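*Asks:* Got a structure here, written out as structure tokens. Questions coming.
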Amino acid sequence: MADRYSFSLTTFSPSGKLVQIEYAFQAVNQGVTSLGIKASNGVVLATEKKSTSDLIDASSLSKISNITPDIGMVYSGMGPDFRVLVDKARKSSHTNYKRIYNEYPPTRILVQDVARTMQEATQSGGVRPYGVSLLVGGYDADNGFSLYQVDPSGTYFPWKATAIGKGSTSAKTFLEKRWTEDLELEDAIHIALLTLKESVEGEMNGNTVEIGVIGPASDHLLGFEGVKNVPGPRFRKLSPQEIDDRLDAL
Amino acid sequence: MSDPSSINGGSVVAMAGKDCVAIGCDMRLGMQALTISNDFPKIFQFNNAFLGLTGLATDVITLSDVFRYKVNLYNLREERKIEPETFANLVSSTLYEKRFGPYFVGPIVAGINSKSGKPYICGFDLIGCINFAKDFVVGGTSSPQLFGMCESLWEPDLEPDDLFETLSQALLNAQDRDALSGWGAIVYVITKDKVVKRLLKTRQD
């Protein structure tokens, strides 16, 4: 595609706008709500798993994906575009970082990399912008827990708590009232579920809602025991049962 | 005109002590038997990692520039200093990139991790295999002599001043038994809060 087209399909309008990127934002805002909340001891990512039919096997699709053991990502917008970005981020975290420094990239570096990929799709020949906004939550030793949003334009912002997609404006107002500096992870999960409840149309249970958590290192998820100085991954998905338990407590 | 690692000559050695590390090098630059310079240091500092580079002098110069460039960009991108362990892995991947046309060098890295305070030393072969050591690492044309000196003189948990004496004696006596090393020596003693660089008074032959 890109080699046959030497010109960009995203060009300026007389008013100075890049209309293709505006349209990409429309694709995002038509997508299902996703949100992220940064707590003092972790980050929560949450989204609704909207199925068009009851015959769909919901468990086979994962909307919240991990990129490195300590970084996870969720989206609003076009699922296929998200899938491609996840694959690129996972690969690049190894080729452009781990295979050079033998450690996983810090969250901000990973975010900048994904943002660059999304920007390139607004300026390269023959391609269209990605129709997703991403929420990236992660942990690294120097910066602690962080939450970033990446837009189709390639802009990225750090957030304390935010929402993207269809019900994002009302969700953000909701979060603004409830977010505090000393929120703990469990409180953040509670608030995430409350916020999602406002925008979810159908039934809300462990199979229609996905929650990802970046929290304390889970050594039991390593897959082996007895090796010193190897912390477990911080990214973890809550099982449908764990989500149902918390929904019952709402 | 054959073995690139022994045309110019030179030696480096690093040792770990109690919450400190020391790294030293000779000052000779030669063309086989002819000594051209007695002011060619082989230790370079990148944030809190010290790199000792022996071998073909052109590669020593080029690599010190390459790492200066890579570490500067790391500082700008990551907005933080590079740690010795991370720098060592950067050295390893840089060298392996040239697996089938290598740099003819024998690097060693020494430093103290600014977060954990742990001393770190390691050596590499010319294609980047990391040799992690808890006691000492050696490199250069007098490395057989350095191995012998370090193995006998080194003991664990040396304080900075004692580590300095130990490393200096290992370096001096090894380079005096090597025709291609010598003509001066520099020793860095690194602790958490300061670095002391000493120029040793040595035999000038």
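Which chain is which? The protein sequence lines are A and B, in order. Counting in the working numbering, the first sequence runs from 1 upward without gaps. Counting in the working numbering, the second sequence runs from 251 upward without gaps. Built from N, CA and C at the ideal position, the CB exists for glycine as well. These figures come from a predicted structure and were not determined experimentally.
Straight-line CA distance for Asp-245 of chain A to Leu-183 of chain A?
*Replies:* Those two C-alpha atoms are separated by around 20 Å.
*Asks:* Over the uninterrupted beta strand (DSSP E) stretch that includes Cys-275 of chain B, give me the two end residues.
*Replies:* 270-276
*Asks:* At a cut-off of 8 Å, would you count Val-321 of chain B as near the ligand ZN, judging by its Cβ distance to the nearest heavy atom?
*Replies:* This structure does not include the ligand ZN; it has no bound ligands of any sort.
*Asks:* State the DSSP-derived secondary structure class of Asn-322 of chain B, mapped to helix, strand or coil.
*Replies:* It is helical.
*Asks:* Suppose you measure from the CA of Ala-27 of chain A to the CA of Gly-77 of chain A; what does that come to, to the nearest Å?
*Replies:* 6 Å
*Asks:* Taking only beta-carbon atoms, is Ser-261 of chain B less than 9 Å away from chain A?
*Replies:* no
*Asks:* At what residue ranges does the segment 372-398 of chain B contain a whole run of the beta strand (DSSP E), taking only runs of 3 or more?
*Replies:* 380-383 and 386-390
*Asks:* Please look up how many angstroms separate the CB atoms of Arg-194 of chain A and Gly-137 of chain A, rounded, as I've assumed it's under 8 Å.
*Replies:* Position check: residue 194 of chain A holds Leu in this sequence, whereas Arg was assumed. About 18 Å separates the two Cβ atoms, so there is no contact after all.
*Asks:* Among the candidates A:Gly-31, A:Glu-210, A:Pro-231 and A:Lys-88, whose CA atom is the shortest distance from the CA of Ala-217 of chain A?
*Replies:* A:Pro-231
*Asks:* What's the call for Tyr-438 of chain B, buried or exposed, on a 16-neighbour Cβ count within 10 Å?
*Replies:* buried
*Asks:* Less than 9 Å between the beta carbons of Asn-325 of chain B and Asn-288 of chain B, yes or no?
*Replies:* no
*Asks:* Have a look at B:Lys-331, B:Ala-299, B:Pro-334 and B:Pro-357 and flag the residue whose alpha-carbon is nearest the alpha-carbon of Phe-374 of chain B.
*Replies:* B:Pro-357
*Asks:* With distances taken from CA atoms, which of A:Asp-81, A:Asp-142, A:Tyr-139 and A:Ala-141 is nearest Ala-121 of chain A?
*Replies:* A:Asp-81
*Asks:* Whose C-alpha, out of B:Thr-336, B:Pro-352 and B:Leu-376, is nearest the C-alpha of Ala-216 of chain B?
*Replies:* Residue 216 of chain B falls outside the range modelled here, since chain B spans only 251 to 455, and no answer is possible.
*Asks:* Where does Gln-26 of chain A fall in DSSP's three states?
*Replies:* helix
*Asks:* Classify Tyr-5 of chain A as helix, strand or coil using the three-state DSSP reduction.
*Replies:* DSSP, read as helix, strand or coil, puts Tyr-5 of chain A in coil.
*Asks:* Flag Ala-89 of chain A as yes if its beta-carbon sits less than 9 Å from any beta-carbon of chain E, otherwise no.
*Replies:* Among the chains of the structure shown, chain E does not appear; the protein chains present are A and B.
*Asks:* Can you name the residues of chain A whose CB is closer than 7 Å to the CB of Arg-330 of chain B?
*Replies:* Chain A residues near Arg-330 of chain B: Asp-142.
*Asks:* Under a CB-based cut-off of 9 Å, is Arg-327 of chain B close to chain A?
*Replies:* yes
*Asks:* Assign Ala-115 of chain A to buried or exposed, taking buried as 16 or more other Cβ atoms, counted over all protein chains shown, within 10 Å of its Cβ.
*Replies:* buried
*Asks:* Are the segment 94-106 of chain A and the segment 48-63 of chain A touching, with three or more C-beta to C-beta distances below 8 Å?
*Replies:* no
*Asks:* Residue ranges of each alpha helix (DSSP H) run of no fewer than 4 residues wholly in the segment 36-94 of chain A, ordered along the chain?
*Replies:* The qualifying runs are 79-93.
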